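Residues in the sequence shown are numbered from 0 upward in steps of one, following numbering that gives the first Met the number 0. Each residue gets a CB set at the ideal place from its N, CA and C atoms; glycine is no exception. Predicted model only: the values in this text are computed from it and were never measured.
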Amino acid sequence: MSDEITKNFKKIAREAETGIARSLLRWRYRKEGKQPPGEAELQRHSRQVAEEAHRVMVKGGKTAWKELKKVYAKGRSKEEEADS
Numbered sequence: 000m001s002d003e004i005t006k007n008f009k010k011i012a013r014e015a016e017t018g019i020a021r022s023l024l025r026w027r028y029r030k031e032g033k034q035p036p037g038e039a040e041l042q043r044h045s046r047q048v049a050e051e052a053h054r055v056m057v058k059g060g061k062t063a064w065k066e067l068k069k070v071y072a073k074g075r076s077k078e079e080e081a082d083s
């Protein structure tokens, strides 16, 4: 994949994450019976929430991937022992 396509894909994904965060924030304000802040403030807060969620997902994904690799490596070792 070219750098330009990758860059555009990442931009679209970030915008989608921010949009989801904005929707969730509006929902939370309505649930709490509060008036949502202005669009600029809501957009800023949405970006912050999306960035934090992204960091958590990346960290969790790396941890999950490491655990899967460990389990797979253990399984491979047992198969190799059985073949011997």
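What do you reckon, are the CB atoms on R46 and T17 nearer than 7 Å? yes
Give me the Cβ distance between A52 and A15, rounded to the nearest whole Å; I'm assuming they're in contact under 8 Å. No, A52 and A15 are not in contact; Cβ-Cβ is about 12 Å, not under 8 Å.
Using 7 Å as the threshold, is the C-beta distance between P35 and R25 below it? yes
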